[in-house]
Amino acid sequence: MTEPSTNVKEHIPVRKILTAVVAVAFGLGLAACAPDDGPSTASGADATIDVGSLYEPQNLDNTGGGGQGVTEALNGNVYEGLFRLTDDGKVENLLVSDYSVSGDGLTYTFTLRSGVTFHSGKPLTAADAKYSLEKVIAPDSKSARKSSFGPIGGITAPGDSTLVVTLKTRSISFVYNLSYVWIVNAGNQSPTTTADGTGPYRLASWQRGATLSLSRFDGYWGTKASNKDVVFHYFTDASALNNALLTDQIDIITSEQSPDALDQFTANPAYRVNDGASTTKLLLAFNDRVAPFDNVKVRKAVYSAIDRKKLLESIWGPHGKLIGSMVPPSDPWYEDLTNANPYDIDLAKRLLAEAGHGGGFSFTLDTPNYDPHPIVATFLKSELAKVGITVTIKVISADEWYTKVFQKHDFVATLQEHVNDRDVVWYGNPDFYWGYDSPQVTRWVRQAEQAATADEQTALLKQANRQLAQDAASVWLYLYPQIVVASTRVSGYPVNGLNSQFYVYGITKREG
Amino acid sequence: MVRYLVRRGGLLVASLLLASVALFLLLRVLPGDPANALLTVDATPEQIEAAQRQVGSDRSLPEQFVTWFGQLARLDLGRSFVSTLPVGPEIVDRLVVTLPLTLFAFALAIVIAVPVGYLCARWSRTWYGAGLSALSQLGIAVPAFWVGMLLIFVFALRLRVFPSGGFPRAGWADPGAALTSLTLPVLTIALVMSASLIRYVRSATLDVLGSDYLRTARALGASSAEAMWRHGLRNAAGPVVSVLGVELATTFLGAVVVESVFALPGLGSMLVKGITQHDYPVVQGVLFVSTVAVLVIGFLADLAQRLIDPRLRGSSPGGSR
Numbered sequence: 001m002t003e004p005s006t007n008v009k010e011h012i013p014v015r016k017i018l019t020a021v022v023a024v025a026f027g028l029g030l031a032a033c034a035p036d037d038g039p040s041t042a043s044g045a046d047a048t049i050d051v052g053s054l055y056e057p058q059n060l061d062n063t064g065g066g067g068q069g070v071t072e073a074l075n076g077n078v079y080e081g082l083f084r085l086t087d088d089g090k091v092e093n094l095l096v097s098d099y100s101v102s103g104d105g106l107t108y109t110f111t112l113r114s115g116v117t118f119h120s121g122k123p124l125t126a127a128d129a130k131y132s133l134e135k136v137i138a139p140d141s142k143s144a145r146k147s148s149f150g151p152i153g154g155i156t157a158p159g160d161s162t163l164v165v166t167l168k169t170r171s172i173s174f175v176y177n178l179s180y181v182w183i184v185n186a187g188n189q190s191p192t193t194t195a196d197g198t199g200p201y202r203l204a205s206w207q208r209g210a211t212l213s214l215s216r217f218d219g220y221w222g223t224k225a226s227n228k229d230v231v232f233h234y235f236t237d238a239s240a241l242n243n244a245l246l247t248d249q250i251d252i253i254t255s256e257q258s259p260d261a262l263d264q265f266t267a268n269p270a271y272r273v274n275d276g277a278s279t280t281k282l283l284l285a286f287n288d289r290v291a292p293f294d295n296v297k298v299r300k301a302v303y304s305a306i307d308r309k310k311l312l313e314s315i316w317g318p319h320g321k322l323i324g325s326m327v328p329p330s331d332p333w334y335e336d337l338t339n340a341n342p343y344d345i346d347l348a349k350r351l352l353a354e355a356g357h358g359g360g361f362s363f364t365l366d367t368p369n370y371d372p373h374p375i376v377a378t379f380l381k382s383e384l385a386k387v388g389i390t391v392t393i394k395v396i397s398a399d400e401w402y403t404k405v406f407q408k409h410d411f412v413a414t415l416q417e418h419v420n421d422r423d424v425v426w427y428g429n430p431d432f433y434w435g436y437d438s439p440q441v442t443r444w445v446r447q448a449e450q451a452a453t454a455d456e457q458t459a460l461l462k463q464a465n466r467q468l469a470q471d472a473a474s475v476w477l478y479l480y481p482q483i484v485v486a487s488t489r490v491s492g493y494p495v496n497g498l499n500s501q502f503y504v505y506g507i508t509k510r511e512g
Numbered sequence: 001m002v003r004y005l006v007r008r009g010g011l012l013v014a015s016l017l018l019a020s021v022a023l024f025l026l027l028r029v030l031p032g033d034p035a036n037a038l039l040t041v042d043a044t045p046e047q048i049e050a051a052q053r054q055v056g057s058d059r060s061l062p063e064q065f066v067t068w069f070g071q072l073a074r075l076d077l078g079r080s081f082v083s084t085l086p087v088g089p090e091i092v093d094r095l096v097v098t099l100p101l102t103l104f105a106f107a108l109a110i111v112i113a114v115p116v117g118y119l120c121a122r123w124s125r126t127w128y129g130a131g132l133s134a135l136s137q138l139g140i141a142v143p144a145f146w147v148g149m150l151l152i153f154v155f156a157l158r159l160r161v162f163p164s165g166g167f168p169r170a171g172w173a174d175p176g177a178a179l180t181s182l183t184l185p186v187l188t189i190a191l192v193m194s195a196s197l198i199r200y201v202r203s204a205t206l207d208v209l210g211s212d213y214l215r216t217a218r219a220l221g222a223s224s225a226e227a228m229w230r231h232g233l234r235n236a237a238g239p240v241v242s243v244l245g246v247e248l249a250t251t252f253l254g255a256v257v258v259e260s261v262f263a264l265p266g267l268g269s270m271l272v273k274g275i276t277q278h279d280y281p282v283v284q285g286v287l288f289v290s291t292v293a294v295l296v297i298g299f300l301a302d303l304a305q306r307l308i309d310p311r312l313r314g315s316s317p318g319g320s321r
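Which chain is which? The protein sequence lines are S and H, in order.
Number 32 in this note's numbering belongs to position 32 of the first sequence; there are no gaps in the numbering.
Number 313 in this note's numbering belongs to position 313 of the second sequence; there are no gaps in the numbering.
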């Protein structure tokens, strides 16, 4: 502040008065100044691990609309499936000790592990497993995996430790899909607000809007958790989340969503920035049913007009990855198709001319109002202007997107992120929102699911994948990075973001 | 006085009724569907229908209104569509954070604004008075979240004397930690709020300072401070108190932004989440409670004014002031 040049003769202690005012302002706070409410200093097996996340569960039921947050906090930690999807994408036995498949591939017989109890003390039986699977495929189920269990014909529990599932058609992904089914206590009347699983932690408390706490379950059947308590702290603001790590209130950020914030951690030896495998793809999804995007050439032209490398770098810097189709590298049928539609403005212009749009055209891009979509839309607008295409950006809420785009198919093009792995199969469904309708791809996807061997499945999905890229069914802009940022005091955390799960039982913390 | 209270109370209830209808309709005008929050981008048409049935968005508007109003009449705010938990108890949980935040900030703002505003008026012809006044003007222009970020940067990230955000898990059972976590948010709101209050205090004081009765008091031998204390203060308080009512209500509603910056589990963050998820019961519940709070604050401010100013006591609530 510069002082006005007035001649003041009398001396009034302005500075003293201002100081007093500031002191009053701080008085309240300073009087109450108490030690930090940071992570506990206990280490080793008694440690409390404080995890920071932007994804609070909506409720505690993954078949009842719990969302991404409930998977992150409870999957594998509080609840377990018959199988586990490991952090590197392998499927292994968890609550089953063994299983067999009939020769025709239609009958699965599972033997449950013995000596497993729920946190409430009730022993696990096949009836619980049957109930849990039925819950996922029930009419009111909100599970994202419901449709993949379509082939199920019958579920029986002939003994306390035997579960038999018969399928109407072969389903090569059946066991993989079972890794998403939580085995819950059939007696739990309120699964949306309480949890009773078989995992290494029991749910200790959930303060909505703030924290969800897990405590080690000492009656766990397997290897006990390496730490005593895990507290998930929830944030709505990405910089508030980063600040919490910088001030030691938390030890780990499960998924960094603020690219600008990375430098302060990369530059600081007290933190480690982990670049893991992600399954989240950012799509410019056309409505393939309507003009002009019902024309393959127009779609390919748009694809080739966009400098995706520049886009990714300007948003995420050195992080993230370019993809040329819906399949991320962690899916077994991945192939590098990045150059199937190369960035080539001349090619784009040629394709547009061939499609009869030499003079360009205009379209409306329905853009979800949350990051990174608005900024990506602006980028696309300027890129496409170079080939004569005028983009009108229409910003809509996530909710509106769901009703307008996803349900009513009332759009021409939209931006959306797709988080799940192995979701290329949605291009085999002509009724899906993007309306890609290739009888060949539909057939390949169906045949792949009914394949007898994984090799056969992989070969068919690779074929479908190549066709999708060739048809530019959508523009796959890039694969998000999956960045776990953690204090160097902690180790043993998962680094890959497969389907939003975050196993915490191996995390340890050293003193200091 | 009793008659006034009854009439003012009646007005309060009528405003509440109107507000509840407006709330209900406004929410339904927004595009989207509450069922959407429960589903993912892999949902089948059958799942969508089932979700809509569950949250009742497949029913007609009048039907939905009657259900909600019926619940409201029984003081039941219903259950969240998304979490399936009752809304009422959650609001109480959140008020435990938002209410102290608002009240402390309010009190601190008054503590800052009254002396500073008074000094601004007393020194209005000096350069430091003008400087102080300009500073308060600047304070009005600065958004609350920016002040919050600045305070976090200085006191949490650099000096490390306060946490950067969050509220202790033990809540008020650990009063030290709870107060510590509220300090920066309180300071943020109080600084921003006091900036505009200073302006009001200053102009009210200036009015009084130029008044005849004060000059008369001085002429009769009272010292400047004595005259101000005995005659000026009460007169200056009138307009300030009426503004205080509005300011308190604004603070209560404006806590939304500050709660997000400081990751506080308050009513504001509950409201924002409710709106993004189209969780009607949550939004209706929070807004209803806020409406009640604002109306009650207005009522109290009116009452306080009548206590300060005897001239108002004879008039009716809607009458001239």
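By construction, the Cβ of each residue, glycine as well, lies at the ideal position given by its N, Cα and C atoms.
Give me whichever residues DSSP pairs with Arg79 of chain H in a beta bridge.
Beta-bridge pairing links Arg79 of chain H to H:Pro86.
What residue range is occupied by the uninterrupted beta strand (DSSP E) comprising Val395 of chain S?
Val395 of chain S: member of the beta strand (DSSP E) spanning 390-396, first to last residue.
May I have a chain-ordered list of the alpha helix (DSSP H) segments no shorter than 4 residues that lie completely inside the region 154-226 of chain S?
Here the runs fully enclosed are 174-178.
Which residues DSSP lists as bridging Ala486 of chain S, in chain order
For Ala486 of chain S, which the question treats as bridged, DSSP gives the partners S:Ile252, S:Arg272.
Return the first residue and the last residue of the alpha helix (DSSP H) that Glu80 of chain S is part of.
Careful: Glu80 of chain S lies outside any alpha helix (DSSP H) and carries neither H nor E.
Per DSSP, which residues does Ser211 of chain H bridge with? Please list them.
Under DSSP, Ser211 of chain H shares a beta bridge with no residue.
Determine, for Gly165 of chain H, whether the minimum Cβ-Cβ distance to residues of chain S falls below 7 Å.
Gly165 of chain H counts as touching chain S.
Is Tyr108 of chain S helix, strand or coil when you go by DSSP?
In the structure shown, Tyr108 of chain S sits in a strand (DSSP, three-state: E or B).
CA-CA distance, Ala204 of chain H and Cys120 of chain H?
Here the alpha carbons of Cys120 of chain H and Ala204 of chain H stand approximately 11 Å from one another.
By alpha-carbon positions, which one of S:Trp426, S:Thr63, S:Lys349, S:Val485 ends up nearest to Ala267 of chain S?
Among S:Trp426, S:Thr63, S:Lys349, S:Val485, the Cα nearest to that of Ala267 of chain S belongs to S:Val485.
Got a sec, what are the start and stop residues for the alpha helix (DSSP H) Lys408 of chain S sits in?
Element bounds for Lys408 of chain S: n/a, residue is neither H nor E.
Under a three-way DSSP split, which group does Glu259 of chain H fall into?
Glu259 of chain H: helix per DSSP, three-state reduction.
At a CB distance below 9 Å, what residues from the region 198-228 of chain S approach chain H? Give them in sequence order.
Answer set for the region 198-228 of chain S: Ser205, Gln207, Arg208, Gly209, Ala210, Thr211, Ser213.
Express the C-alpha separation of Thr192 of chain S and Tyr503 of chain S in angstroms, rounding to a whole number.
Roughly 21 Å between the two C-alpha positions.
Considering only C-alpha positions, which residue in the set H:Gly210, H:Asp207, H:His231 is nearest to Ala217 of chain H?
If we check each option's Cα against that of Ala217 of chain H, H:His231 comes out closest.
Alpha-carbon to alpha-carbon, Val181 of chain S and Leu167 of chain S
When only Cα atoms are considered, Leu167 of chain S and Val181 of chain S end up about 17 Å apart.
Starting from Thr84 of chain H, find everything on chain S with Cβ-Cβ shorter than 9 Å and list it in chain order.
Correct list: Asn59, Asp61, Gly64, Gly65, Ser190, Thr192, Thr193.
So that I know if they touch, is there some Cβ in chain H lying closer than 7 Å to that of Leu415 of chain S?
At least 7 Å separates the CB of Leu415 of chain S from every CB of chain H.
Please confirm if the region 296-312 of chain S is in contact with the region 378-396 of chain S, defined as three or more CB-CB distances below 8 Å between the two stretches.
Output reads yes: the region 378-396 of chain S touches the region 296-312 of chain S.
Starting from the Cα of Arg216 of chain S, find the closest Cα among S:Tyr79, S:Asn341, S:Asp88 and give me that residue.
Here the closest residue by C-alpha is S:Tyr79.
Tell me where the beta strand (DSSP E) around Asp302 of chain H begins and ends.
Per DSSP, Asp302 of chain H lies in no beta strand (DSSP E); the unbroken alpha helix (DSSP H) holding it starts and ends at 280-308.
Local conformation of Thr2 of chain S per DSSP, three classes:
Reliability fails at Thr2 of chain S, whose pLDDT of 36 lies under 50, so the model's placement of it is uncertain and no value is given.
Under the rule that 16 or more other beta-carbon atoms within 10 Å means buried, what is Asp346 of chain S, buried or exposed?
With a 10 Å radius around the Cβ and a threshold of 16 neighbouring Cβ atoms, Asp346 of chain S comes out exposed.
Helix, strand or coil at Ala31 of chain S [DSSP, three-state]:
Note that Ala31 of chain S scores a pLDDT of 39, beneath 50, so its modelled location is shaky; the value from the coordinates is reported in the next line. DSSP places Ala31 of chain S in helix when its eight states are reduced to three.
Along the chain, where does the beta strand (DSSP E) containing Tyr593 of chain S start, and where does it finish?
In the structure as shown, chain S begins at 1 and stops at 512. Residue 593 of chain S is therefore absent and cannot be evaluated.
Apart from the five residues just before and just after Gln64 of chain H, which ones in its own chain have a Cβ nearer than 7 Å to its Cβ?
Within its own chain, the residues whose Cβ lies closer than 7 Å to the Cβ of Gln64 of chain H, once the five positions on either side in sequence are excluded, are Gly56, listed in chain order.
For a contact meaning CB atoms closer than 9 Å, what does Lys146 of chain S contact in chain H?
Within chain H, the residues near Lys146 of chain S are Asp42, Ala43, Thr44, Glu46, Gln47.
Would you report the Cα separation of Lys321 of chain S and Pro481 of chain S, rounded to the nearest angstrom?
About 7 Å.
Among residues of its own chain, excluding the 5 on either side of His319 of chain S, which ones have a beta-carbon nearer than 8 Å to its beta-carbon?
Closer than 8 Å at Cβ, skipping near neighbours: Pro259, Leu262, Asp275, Pro481, Ile483.
How is the beta strand (DSSP E) around Ile49 of chain S delimited, first residue to last?
In this chain, the beta strand (DSSP E) harbouring Ile49 of chain S covers 48-53.
Please report the distance separating the alpha-carbon of Lys404 of chain S from that of Leu351 of chain S.
Straight-line measurement puts the Cα of Leu351 of chain S at about 30 Å from the Cα of Lys404 of chain S.
Residues of its chain near Val208 of chain H, where Cβ-Cβ distance is below 7 Å and the 5 sequence neighbours each way are ignored
Excluding sequence neighbours, Val208 of chain H sits near Leu214, Gly232, Asn235, Ala236.
For the pair the region 4-16 of chain H and the region 250-262 of chain H, tell me if three or more CB-CB distances fall below 8 Å.
They do not touch, by the three-pair rule.
Which residues in the same chain as Thr63 of chain S place their Cβ atom closer than 7 Å to its Cβ, once the five residues preceding and following it in sequence are excluded?
Closer than 7 Å at the Cβ level, and outside the excluded window around Thr63 of chain S, lie Lys135, Val136, Ser141, Lys142, Ser143.
Spatial distance of Arg160 of chain H from Ser181 of chain H (CA atoms):
Our two residues, Arg160 of chain H and Ser181 of chain H, have alpha carbons roughly 12 Å apart in a direct line.
Would a C-beta distance cut-off of 7 Å place Ser83 of chain H and Asn59 of chain S closer than the cut-off?
Yes, the Cβ-Cβ distance between Ser83 of chain H and Asn59 of chain S is below 7 Å.
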